Structure formats: C-alpha cells, structure tokens
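A short worksheet on the structure shown next.
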Amino acid sequence: MYRFLLSRQWVILTLVVLALIPTMIELGFWQLHRHERRVELNREIADSLAADPVPVESMTSPGAKVDDEHRYRRVTAKGHFDRADEVVVRRRTNADDRVGYHVLTPFVLDDGKVLIVNRGWIPSNGASQTAFPKIPAPPEGEITVTGRLMPDQTTEGSGIKNVEGLPDRQVMLINSGQQAERLGEPVLGGYVELTDPEPAGDTPERIPEPDHDGIGNHMAYAVQWWLFTAGVPVGWFILARREARDRASQDEQDEQETTEAEPAAV
Numbered sequence: 011m012y013r014f015l016l017s018r019q020w021v022i023l024t025l026v027v028l029a030l031i032p033t034m035i036e037l038g039f040w041q042l043h044r045h046e047r048r049v050e051l052n053r054e055i056a057d058s059l060a061a062d063p064v065p066v067e068s069m070t071s072p073g074a075k076v077d078d079e080h081r082y083r084r085v086t087a088k089g090h091f092d093r094a095d096e097v098v099v100r101r102r103t104n105a106d107d108r109v110g111y112h113v114l115t116p117f118v119l120d121d122g123k124v125l126i127v128n129r130g131w132i133p134s135n136g137a138s139q140t141a142f143p144k145i146p147a148p149p150e151g152e153i154t155v156t157g158r159l160m161p162d163q164t165t166e167g168s169g170i171k172n173v174e175g176l177p178d179r180q181v182m183l184i185n186s187g188q189q190a191e192r193l194g195e196p197v198l199g200g201y202v203e204l205t206d207p208e209p210a211g212d213t214p215e216r217i218p219e220p221d222h223d224g225i226g227n228h229m230a231y232a233v234q235w236w237l238f239t240a241g242v243p244v245g246w247f248i249l250a251r252r253e254a255r256d257r258a259s260q261d262e263q264d265e266q267e268t269t270e271a272e273p274a275a276v
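For the sequence shown, the working numbering puts the final residue at 276, and the numbers step up evenly by one.
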C-alpha cells in the first residue's frame, strides 16, 4: 500500500523533510538565544543608567577600548570645552528622524587629557552639505559634565562607511583614535553622550536614552520555528495517507472497470 514511498519523488520529499526538521529546530534556538541576549542587554543598560556616576578616567584611558559592560555607564569629568576644535558628525537623525549632525566638542580635563563629548543633535542649516553648520556655544570656563560612556564607532560595528575627503571639520564616525590623530593630544578611549549640563535654548538636542524595555519578537519567532518543526512531519504523514488513499481508490476503480470489460462466460 505504501510502496510508492520508495519512488524517486517521495524519497526526495522525505529527505527534504528530514533536512528541514533539524534546521528549523536550530533556527528556533537561534531566536531564543537572541531573545535571551536582548533581555540580558536590557538589564545591563538599566544597571548602567541607574548606577551613580563615576569619574570617566576610572572607566577608560587614552587609546583604551570601552568594554561592553561599561557601555552607557554614567561618568563625570571636570575641565573645559575646547570649541576651536569642534567637529560635526554627518547624516545623523534625531528622535523625529530628521537628518542633521551630531556635535563633537573636545573636553579638556584638568590633567590635560581630552574627552570627546557628543553634545547632541542639530539640524542642517540649509541645502549645503559643505558649509560648517551654526552650532550653539557650549558652557564656558571650568565645569563638570556628566554623560553616558560609549565605545568608539567603527565601520564594522555601525555599518557607516568612513568616507574620506569630507568638508573641513566634518566626520562620519565618532572615534577617539581618529580624533587623537587630528588633535595631536592624548584622547580617552570612547566618547560620552552628554546629559548634564542642559543646553541653553534646548539645542543641541540631547541624545535620548537607549531603549531598554522592548524585547522584540525573537521569542515569538522561536515558537513559530518550533511549530513549523512539528508541522512538517504531520504534513508529510497527511500527504502520504492521501496519496495511499488516492492510489487505493484508483486501483479499485481500475479493477472494477476491468471486471466490467470482461466478456460474459458462455
């Protein structure tokens, strides 16, 4: 009755089913691990944002890499802004998806080291992408700043191409190594998204806190893949039963037609 399973068509179908089952199981676990990583990341971000600020030099140093565990850690620094060496980061959007710039202002610490501070977002001043935009001045004199510590941006990590030949004082990536080369000064690894003091006139717009509440759809996708895994053999069984039933019905019909076609015995 089920000898048709040995046919070329059914052997191929069975092999495909056998290959799909472990593949979909693995895809389900992949989505589960992504869900777990997202939950863990949310916890790390929440802990960093809730922690008391610490001196920035306890988290990083010139040429150092900011560890993932220190990402978004609140830090403080005492010194003054160096507006003369300010640059802007091109093609950055604000919370309303408007395209503009991020403002990077070197912050010179009391010991002479430099911290790159992202003061926030400003809009483009017009159609020209070559003219340096008008930027509100930072606070003058010696102050204490507070912000979220961030690792350097790279093309590999951000997907942003580091375009060369840009207009003067414009960059594509926020990278302390590039800024150290430009300034010729010891620059602390990573950079800081400024949170305090607040800007005069609400500009530059502050970089919003990272989302650490959403968990995405990874768990739902994991369940979907596992449901598909269960559905594949069930579907194969239903198809096989239907094929067997259709073949049995066809055989019965052929036998009946053969019987009817035979001449009556004399």
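Positions of the beta carbon are idealized from the N, C-alpha and C atoms, including for glycine.
If you're wondering where the values come from, they're calculated on a predicted model, not measured in any experiment.
Item to check | Three CB pairs or more closer than 8 Å across the stretch 229 to 238 and the stretch 159 to 166 | outcome: Taking a cut-off of 8 Å for Cβ pairs, the stretch 229 to 238 and the stretch 159 to 166 do not touch, as fewer than three such pairs fall below it.
Item to check | Rounded separation between residue 123 and residue 64 - CA only | outcome: Taking the Cα positions, residue 123 is about 17 Å away from residue 64.
Checklist entry - What residues are listed by DSSP as bridge partners for residue 112? => result Per DSSP, 99, 131.
Item to check | For residue 263, three-class secondary structure by DSSP | outcome: Three-state DSSP puts residue 263 in a helix.
Checklist entry - How far does the alpha helix (DSSP H) with residue 200 in it reach, from first residue to last? => result Where residue 200 is concerned, there is no enclosing alpha helix (DSSP H), given that its DSSP letter is neither H nor E.
Checklist entry - Within 10 angstroms of its Cβ, does residue 247 collect 16 or more other Cβ (buried), or is it exposed? => result By the 10 Å Cβ count, residue 247 comes out exposed.
Checklist entry - DSSP three-state call for residue 18: helix, strand or coil? => result DSSP, read as helix, strand or coil, puts residue 18 in helix.
Checklist entry - Exposed or buried, residue 87, counting other C-beta atoms within 10 Å across all chains shown (16 or more means buried)? => result Burial of residue 87 is indicated by the presence of at least 16 other C-beta atoms within 10 angstroms of its C-beta.
Item to check | Closest residue to residue 111 among 168, 181, 206 (Cα-Cα distance) | outcome: The candidate whose alpha carbon is nearest that of residue 111 is 181.
Next on the checklist: List, from N- to C-terminal side, the beta strand (DSSP E) runs of 3 residues or more that fit wholly inside the stretch 64 to 88.
Outcome noted: For the stretch 64 to 88, not a single whole beta strand (DSSP E) run of length 3 or above is found.
Checklist entry - Alpha carbon to alpha carbon, what distance is there between residue 203 and residue 8? => result Outside the shown range of the chain (11 to 276) lies residue 8, about which nothing can therefore be said.
Checklist entry - Would you say residue 79 and residue 96 are within 8 Å of each other, going by their C-beta atoms? => result With a cutoff of 8 Å on beta-carbon distance, residue 79 and residue 96 are scored as not near each other.
Next on the checklist: Spatial neighbours of residue 93 within its chain, please: C-beta separation below 8 Å, excluding the five flanking residues on both sides.
Outcome noted: Same-chain partners within the cutoff: 115, 147, 148.
Next on the checklist: Mapping the DSSP letters down to three states, classify residue 163 as helix, strand or coil.
Outcome noted: Here residue 163 sits in coil by DSSP.
Checklist entry - Buried or exposed: where does residue 17 fall if 16 or more other Cβ atoms within 10 Å of its Cβ makes it buried? => result A residue is called buried when at least 16 other Cβ atoms come within 10 angstroms of its Cβ; residue 17 does not meet this threshold and is exposed.
Checklist entry - For residue 35 versus residue 99, is the C-beta spacing smaller than 8 Å? => result No, the pair does not count as a contact, with Cβ atoms beyond the cut-off.
Checklist entry - Taking the C-alpha atoms as reference points, what is the distance between residue 19 and residue 259? => result Residue 19 and residue 259: Cα-Cα distance of roughly 20 Å.
Checklist entry - Straight-line CA distance for residue 201 to residue 33? => result Inter-residue distance for residue 201 and residue 33 is about 42 Å (C-alpha atoms, whole angstroms).
Checklist entry - Leaving out the 5 sequence neighbours to the left and right, which residues in its chain are closer than 8 Å to residue 278 when beta-carbon positions are compared? => result For residue 278 there is no data in the structure shown, the boundaries of the chain being 11 and 276.
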